[in-house]
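Undergrad:
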Amino acid sequence: MKELDPIVVLAVFEEMLGAFLWPLVAVVVLGLVAFVVLLARERRVVSRRLVGAEALGVLGGVVALVVMAKVSSSGFTDAGGPADWFLIAAVFGAGLVGSTILVYTLAGWWRAWRGSVGPG
Amino acid sequence: MTPDRQRIIHAAAPLSRERRRFVQILGGMAAGATLAPGAAIAADKVKTKARIVIAGAGAAGLTAASRLAQALDGARITLLDARKEHFYQPGFTLIGAGIKPVGYVVSTTAQYVPAGVELVTESVAEFDPQGNRVVTSSGKAYAYDFLIVATGMQLEYTMIEGMDARLIGQHGIGSIYHGPAAAHATWQAMSAFADRGGRGVFLRPATEMKCAGAPLKYTFITDDYLTRRGQRSKAKIVYNANNKVLFSVPIVSEKVRMLFEERGIEVNYDRVLKAIDPGRRIATFATADGTEEQGYDFIHVIPPMRAPAAIRQSPLPWQSGAWAAEGWLEVDKGTLRHVRYPNVFGVGDIAGVPKGKTAASVKWQVPVAVDHLVAQLGGTTSAARYTGYTSCPLITRLGRAMLVEFDYRNNLVPSFPGVIAPLEELWVTWVMKTMALKPTYLSMLRGRA
Ligand SMILES: Cc1cc2nc3c(=O)[nH]c(=O)nc-3n(C[C@H](O)[C@H](O)[C@H](O)COP(=O)(O)OP(=O)(O)OC[C@H]3O[C@@H](n4cnc5c(N)ncnc54)[C@H](O)[C@@H]3O)c2cc1C
Chain A
1 MKELDPIVVL AVFEEMLGAF LWPLVAVVVL GLVAFVVLLA RERRVVSRRL
51 VGAEALGVLG GVVALVVMAK VSSSGFTDAG GPADWFLIAA VFGAGLVGST
101 ILVYTLAGWW RAWRGSVGPG
Chain B
1001 MTPDRQRIIH AAAPLSRERR RFVQILGGMA AGATLAPGAA IAADKVKTKA
1051 RIVIAGAGAA GLTAASRLAQ ALDGARITLL DARKEHFYQP GFTLIGAGIK
1101 PVGYVVSTTA QYVPAGVELV TESVAEFDPQ GNRVVTSSGK AYAYDFLIVA
1151 TGMQLEYTMI EGMDARLIGQ HGIGSIYHGP AAAHATWQAM SAFADRGGRG
1201 VFLRPATEMK CAGAPLKYTF ITDDYLTRRG QRSKAKIVYN ANNKVLFSVP
1251 IVSEKVRMLF EERGIEVNYD RVLKAIDPGR RIATFATADG TEEQGYDFIH
1301 VIPPMRAPAA IRQSPLPWQS GAWAAEGWLE VDKGTLRHVR YPNVFGVGDI
1351 AGVPKGKTAA SVKWQVPVAV DHLVAQLGGT TSAARYTGYT SCPLITRLGR
1401 AMLVEFDYRN NLVPSFPGVI APLEELWVTW VMKTMALKPT YLSMLRGRA
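So the protein lines, in turn, are chains A and B.
Residues 1 to 120, numbered by our numbering, are exactly what the first sequence covers, in order.
Residues 1001 to 1449, numbered by our numbering, are exactly what the second sequence covers, in order.
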């Protein structure tokens, strides 16, 4: 672990996640594409939907921390220095942003789909 | 290979093989070429008919096989090892700590053997470097142009009077070194001790050993379990150092001394375990001026270690000095090439070099040895040197570890300076140890890290 070139990082993630790596990457990429397309279609950020998504996003952040604690057989009470707080913040942040985008996108497409088939 | 291409590669010779490959791949990406792994690599493979024998298919042997297969075209590479299972040994500590199951460390050797490399499931019984051949346990001889010795080391439990590996898990005796099952039995014995308290005795051998941090880690882990279970006040923990320090790198030794003091772990110096009486639960240590008996309720035995018999009986070990008796291979500490037999390399635990008996060192040793071998086959020379890089994430309690990385000169060589401070007890380091190290190790075996 002395240098971090992208190919090594990819190799390590492949070993870590095995068969899950590429489906996971696909889900993330598809989600992001769906999000971008939604933004382009709506031409604005719907603030009410965003607030709702952010509220659920906080929950997503907490879930990310719990998962992290589980897979590393430890807890954040073990944090001992700045690098630890940074990692906790990063994990929480990733969970928050990821689930906010996910909820926002799902809600947006759900509305668009209902709008196209429903009465109004 | 076109002459043009050849010229470009020769011009790039001062770059290490590693960098060159990376540059080529980047170049390929920039040119919009499809990134077929191996496509860029195949371009600078050295064509050869050389016969290469690798003795031992553990961490170092497998890594060497993968790297040679990537770098050479047409070589006959044979990997010899009687053991079919592969053990991720750094995981033994986590089994002994009760946080990973036995299956976490067990896989098969065959799954890491690269295409084009022949795996023979026999051990080497005789090394004959004068005749450039090895003979297996069934009497079959393999002639070679180059030999890579990667046999690791042998654990010598019976050199402790009264000790036998079969005792692990009984009479309060633990030893995470012996293998996955022993590590699990050690966990059960240690956990029973942590429920009751009593006298816990810890130690390390006076020989060279792999992962010199492991004896310390297991002491810390036991202390933590006693504390968590409310039994610490009913327990006494004693660590017996074989010499006058707790770790060979002074700054690390001092840090551990401070942590032991803080946790109330008593330290004895100059204590080497000589005998054990499991019935009476008494351990006898050699001291500077005699012997000393220590009673125990739990003891973590780490046996003396030395080269496998086939190596010790060969002309390959050091002929004089501290390493002659233990049988470590007489290699140059920078190139890992044998000092007396230039077509022989020694990598991993068997190498007679001042530091580096860890899997992390294998990651830095093997590319150097392989680079020298491949350069020689290609008619060039290599400037690659191993600097003694050794790493050992030192668990100081469940959930925290210190990143300890150093070189031949006892300098700390942190991988993430300014981010992950060395010698600081951190959760990130624990997360790395439990989540990232095994995947990194496995990609090393496949020659990808
Ligand atoms: C409890 C414990 C904790 C550890 N913790 C860490 C850690 O935290 N970090 C770290 O980096 N490292 C750690 N290590 C060290 C690491 O596992 C070793 O340094 C590494 O495995 C060395 O690789 P090697 O190939 O030299 O030896 P090994 O991986 O042991 O492989 C040697 C192979 O050679 C074979 N062999 C033996 N004799 C012969 C023969 N005559 N002919 C043919 N084959 C033969 C054996 O069967 C074996 O498969 C730890 C080790 C232990 C035991």
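Virtual Cβ for every residue (Gly too), placed ideally from N, Cα, C.
(1) For the beta strand (DSSP E) that Thr1396/B lies in, which residues bound it at each end?
(2) Below 9 Å on C-beta distance, what does Pro1439/B contact in chain A?
(3) Check the Cβ-Cβ distances between Thr1093/B and every residue of chain A, and say whether any is below 8 Å.
(4) Let me see if you follow: with CB-CB separation under 8 Å, is Val71/A close to chain B or not?
(5) For ligand 1, is there any heavy atom lying closer than 7 Å to the beta carbon of Val1124/B?
(6) By the three-class DSSP mapping on this structure, what secondary structure does Pro1317/B have?
(7) Check the Cβ of Leu24/A against every Cβ in chain B and list those closer than 9 Å, keeping chain order.
(8) How about Ala64/A and Phe92/A: are their beta carbons less than 8 Å apart?
(9) Using DSSP with H/G/I as helix, E/B as strand and the rest coil, what is Ile1054/B?
(10) Since I believe Ala83/A is in contact with Gly75/A (beta carbons under 8 Å), could you give me their beta-carbon distance rounded to a whole number of angstroms?
(11) Check the Cβ of Ile1420/B against every Cβ in chain A and list those closer than 9 Å, keeping chain order.
(12) May I ask which residues mark the beginning and end of the beta strand (DSSP E) holding Phe1285/B?
(13) From Pro1439/B to Arg1446/B, what distance separates their C-alpha atoms?
(14) Assuming Gly1200/B and Asp1297/B make a contact with CB atoms under 8 Å, what is their CB distance in whole Å?
(15) Within the region 60–105 of chain A, note down every full alpha helix (DSSP H) run reaching 4 residues or more, in order along the chain.
(16) With a threshold of 16 other CB atoms inside 10 Å of the CB of Glu1262/B, please say whether the residue is buried or exposed.
(17) For Gly115/A, decide whether its Cβ has a neighbour in chain B, counting only Cβ atoms nearer than 8 Å.
(18) Does any residue of chain A bring its CB to less than 8 Å from the CB of Gly1399/B?
(19) Drop a sphere of 10 angstroms on the beta-carbon of Met1153/B, count the other beta-carbons inside from all chains shown, and report buried for 16 or more, exposed for fewer.
(20) Taking Cβ positions only, does Gly1038/B come closer than 8 Å to chain A?
(21) My parser needs the beta strand (DSSP E) runs of 3 or more residues fully inside the region 1251–1278 of chain B; what are they?
(22) Would you decide whether Trp1323/B is buried or exposed? Buried here means 16 or more other CB atoms lie within 10 Å of its CB.
(23) Please confirm whether Gly52/A and Gly95/A have their CB atoms less than 8 Å apart.
TA: Answer, in terms of the structure:
(1) Its beta strand (DSSP E) spans residues Leu1394 to Arg1397.
(2) The answer, in chain order, is Ala11, Val12, Phe13, Glu14, Glu15, Met16 and Leu17.
(3) Not an interface residue.
(4) With 8 Å as the cut-off, Val71/A counts as an interface residue toward chain B.
(5) Closer than 7 Å to some heavy atom of ligand 1: that describes the Cβ of Val1124/B.
(6) Note: Pro1317/B maps to strand in three-state DSSP.
(7) The contacting residues do not exist; Leu24/A stays about 15 Å from chain B at best.
(8) Yes, these two residues count as a Cβ contact at 8 Å.
(9) DSSP, reduced to helix, strand and coil, places Ile1054/B within a strand of the structure shown.
(10) By a beta-carbon distance limit of 8 Å, Gly75/A does not contact Ala83/A. Their separation comes to about 16 Å.
(11) Chain A residues near Ile1420/B: Gly81 and Ala83.
(12) Per DSSP, Phe1285/B is one residue of the beta strand (DSSP E) stretching across Ile1282 to Thr1287.
(13) Using only the alpha carbons, I get a separation of about 11 Å.
(14) Their Cβ separation, rounded to whole angstroms, is 7 Å, which keeps Gly1200/B and Asp1297/B in contact under 8 Å.
(15) You should have found no qualifying run.
(16) If you draw a 10 Å sphere on the C-beta of Glu1262/B, you find fewer than 16 other C-beta atoms in it, and that means exposed.
(17) No, its Cβ sits nowhere closer than 8 Å to a Cβ of chain B.
(18) Yes, Gly1399/B lies at the interface with chain A (some Cβ there is under 8 Å from its Cβ).
(19) It is buried - the Cβ of Met1153/B has at least 16 other Cβ atoms within 10 Å.
(20) Any reading at Gly1038/B must be qualified, since the residue scores a pLDDT of 41, below 50, and its modelled position is unreliable; the value itself is stated next. So no, Gly1038/B is outside the interface.
(21) If we require 3 residues or more, the beta strand (DSSP E) runs fully inside the region 1251–1278 of chain B come out as 1266–1268 and 1272–1277.
(22) Burial call: buried.
(23) Contact flag unset, no.
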